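Structure first, then comments.
Number of protein chains: 2
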Amino acid sequence: MGRGMTMTLADTHFAEWKTSEDRAVVIHDQLRDAIIDRRLAPDTKLSEAEIGSIFDTSRTLVRTALQMLSFEGLVRVERNRGAFVANPSPEEARQVFAARRLIEPALAIGAIERLDATDIAAFKDLLAKETELMAVRGADARRAEIRASGDFHMQLARVSGNAVLEKFLEELVARSSLVIALYGQSGASSCGHGEHQEILDALEQGDASRVGALLVHHIDHIEKDLDLRMRSSQGLKDALFSS
Amino acid sequence: MGRGMTMTLADTHFAEWKTSEDRAVVIHDQLRDAIIDRRLAPDTKLSEAEIGSIFDTSRTLVRTALQMLSFEGLVRVERNRGAFVANPSPEEARQVFAARRLIEPALAIGAIERLDATDIAAFKDLLAKETELMAVRGADARRAEIRASGDFHMQLARVSGNAVLEKFLEELVARSSLVIALYGQSGASSCGHGEHQEILDALEQGDASRVGALLVHHIDHIEKDLDLRMRSSQGLKDALFSS
DNA sequence: AGCGCTGATTTTGTATGCAATCTGATTGCG
DNA sequence: CGCAATCAGATTGCATACAAAATCAGCGCT
Chain A
1 MGRGMTMTLA DTHFAEWKTS EDRAVVIHDQ LRDAIIDRRL APDTKLSEAE IGSIFDTSRT
61 LVRTALQMLS FEGLVRVERN RGAFVANPSP EEARQVFAAR RLIEPALAIG AIERLDATDI
121 AAFKDLLAKE TELMAVRGAD ARRAEIRASG DFHMQLARVS GNAVLEKFLE ELVARSSLVI
181 ALYGQSGASS CGHGEHQEIL DALEQGDASR VGALLVHHID HIEKDLDLRM RSSQGLKDAL
241 FSS
Chain B
1001 MGRGMTMTLA DTHFAEWKTS EDRAVVIHDQ LRDAIIDRRL APDTKLSEAE IGSIFDTSRT
1061 LVRTALQMLS FEGLVRVERN RGAFVANPSP EEARQVFAAR RLIEPALAIG AIERLDATDI
1121 AAFKDLLAKE TELMAVRGAD ARRAEIRASG DFHMQLARVS GNAVLEKFLE ELVARSSLVI
1181 ALYGQSGASS CGHGEHQEIL DALEQGDASR VGALLVHHID HIEKDLDLRM RSSQGLKDAL
1241 FSS
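Going line by line, the protein sequences match chains A and B. For the first sequence, my numbering assigns the number 1 to the initial residue and increments by one for each residue that follows. For the second sequence, my numbering assigns the number 1001 to the initial residue and increments by one for each residue that follows.
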């Protein structure tokens, strides 16, 4: 996994490995990234032994990582059968977005009160990164773009000052990324960027209700761009004749 | 642990043990109940070996259970030091209640659309149980009352049809119970009961905004009855001279 | 050829063992 | 007497070993 790349990235990886000293979390994060980037397709079997050999560790730590992922809804564990990359149903997807429409405007209210110059700078950095990525073509850039978009929303959560809701949103954003990778159809992520800009503007102006409205609209926008018609198992006949 | 009681409860326990066949979850549930009932005080050390011997199992399963509890915010794990019952700060408590004020009215909206006769019967059962407990005196009854109150809110979540938010609320309710056990002062739980009745009435009438308002008021009520002035560590001088 | 069955192989579930770290008690020193 | 260093005991972190379950292949049967 990632064997063939230049070593610059690996170095970064080692740096945080040495400092954090929490190897299960590293495994968790790598798997998580791979899942939301869709380098691991839904329903992919996540064999403990295989992952263990990749990270050169025992199954013990792999199991903890997989457990964490299952709590976040990114993997599904079936007893005596193993762990698989989650394959969220359309209904699940709707629930995730409903939760985001509820939580994010609330976070915005808190964020507006606490927003300082540092935060704004961080937001602008993220927006710049998104702009950069928008120009690049290719699947990798698209993945990075989805991730960057998530970072924007997480920045909002961080500023809000409610750690409980922040943790919830972290899960929701990760699951959203998976859902988008699964059901996304157009290059919708690009229109999302302009909306992020608008949201930041409204934040700076301290207009909470406007931020809320923009967020709801933005999340709606993302959801509407998904193809959430029933598929993925169960629709055998559909799969054969509908497409 | 529970050695002195009659065996009727233990039988129930064994029944579900045999069927579920998921021993880590059983350990998790028992610890969770003990924590939110405050039979385990905050900051109590949860030794792996000790718990293992209590449940007659290896540390492996105990560790998984403790991990689950830490994800839910009910225990705190310190590296190389072990797991401890969480001791939520007042700030944390406020965040938990803020999250509930946000989520529960949203759940109510979904619940009203889906509410059927079975659900209403379930609600009434829960209310009856609460009434029953209200009459009983003693610490055990008080614990059971807090738990029953949580069940009412979880019933709302179950009916709402959003599994994602339901999972969030499950965590929030558990943490609330812990917080109430920690910071609760009066027999506030009793006034909560009447409010539950009102909420159910409004639910039956299908008046979403009224249910929402009642819920917010109810949660506010619970929170206002807490003593959330800074304490628990750090306030050494305060602890000595203020009380 | 299709189908079910049995046994070998693989994979997960749980227990145990060993090394690393922490605790806290005793000892020696200022 | 107070305080720091040290060493023994206990506890956690991680790896490994063993048991149970599932998967897969080959076989015989219809």
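Note that beta-carbon positions come from the ideal geometry of N, C-alpha and C, so glycine has one too. All values derive from a computational prediction rather than experimental measurement.
At the level of alpha carbons, what is the spacing between A:Val-136 and A:Arg-142? 8 Å
Express the C-alpha separation of A:His-28 and A:Asp-225 in angstroms, rounding to a whole number. 29 Å
Just the C-alpha distance for A:Lys-45 and A:Gly-82, rounded to the nearest angstrom, thanks. 7 Å
Tell me the DSSP secondary structure of A:Ala-41 in three-state form. coil
Three-state secondary structure assigned by DSSP to A:Phe-55: coil
Please determine, among A:Leu-228, A:Ala-202, A:Ala-49 and A:Leu-156, the residue with the shortest C-alpha to C-alpha distance to A:Thr-118. A:Leu-156
Taking 9 Å as the threshold (beta carbon to beta carbon), is B:Phe-1168 in contact with chain A? yes
Residues that B:Ala-1099 contacts on chain A, provided the C-beta gap is smaller than 9 Å: Ile-103, Ala-106, Asn-162, Val-164, Leu-165 and Phe-168
Those residues which DSSP pairs with B:Leu-1226 across a bridge: B:Gly-1184
Can you give me the C-alpha to C-alpha distance between A:Gly-73 and A:Leu-178, rounded to a whole angstrom? 10 Å
Looking at B:Asp-1220: is its Cβ nearer than 9 Å to the Cβ of B:Phe-1071? no
Do B:Leu-1115 and A:Gln-95 have their CB atoms nearer than 9 Å? no
Spell out whether any CB of chain B is found under 9 Å from the CB atom of A:Met-154. no
Is there a C-beta anywhere in chain B that falls below 9 Å from the one on A:Gln-67? yes
Note down, in chain order, every chain A residue with its Cβ under 7 Å from the Cβ of B:Val-1096. Val-164
Under three-state DSSP, which class holds B:Arg-1032? helix
Go through its chain and collect everything with a Cβ distance to B:Thr-1064's Cβ below 6 Å, but skip five positions before and after it. Ala-1024
Could you name the residues of the same chain whose beta carbon sits closer than 7 Å to that of A:Ala-111, not counting the 5 residues immediately before and after it, in chain order? Leu-156, Val-159, Ser-160 and Leu-203
Any chain B beta carbon closer than 9 Å to A:Asp-125: no
If you count every other CB in all the chains shown that lies within 10 Å of the CB of A:Glu-21, and 16 or more means buried, which is it? exposed
Between which two residues does the alpha helix (DSSP H) holding B:Gly-1110 run? 1090-1114
CB contact below 9 Å: B:Phe-1084 versus chain A: no
Of all the residues that make up the segment 35-66 of chain A, which are near chain B by a beta-carbon distance shorter than 7 Å? Thr-64
9 Å is my cut-off, CB to CB: does B:Glu-1223 come that close to chain A? no
Residues sharing a beta bridge with A:Val-85, DSSP: A:Val-75
Does the beta carbon of B:Gly-1184 come closer than 9 Å to any beta carbon on chain A? no
Rounded straight-line distance, which links the Cα of A:Asp-37 to that of B:Ile-1103: 29 Å
Could you work out which residue in A:Gly-184, A:Ala-108, A:Gln-205 and A:Leu-200 is closest to A:Leu-246 when comparing CA atoms only? Any question about residue 246 of chain A goes unanswered here, given that chain A covers just 1 to 243.
Rounded to the nearest angstrom, how far is the Cβ of A:Ala-99 from that of B:Asn-1162, given a contact under 8 Å? 7 Å
So A:Glu-171 and A:Met-154 are supposed to be a Cβ contact under 8 Å. How far apart are they, rounded? The pair is not a contact, with the Cβ atoms about 11 Å apart (cut-off 8 Å).
What whole-angstrom Cβ distance do B:Leu-1214 and B:Glu-1195 have, given they're in contact under 8 Å? 7 Å
When the Cα of A:Ile-120 is compared with those of A:Gln-205, A:Ile-54 and A:Val-75, which residue comes out closest? A:Gln-205
A:Phe-84 and A:Asp-43 closer than 9 Å at C-beta: yes
Would you mind sorting A:Gln-185 into buried or exposed? The rule is 16 or more other CB atoms within 10 Å of its CB. exposed
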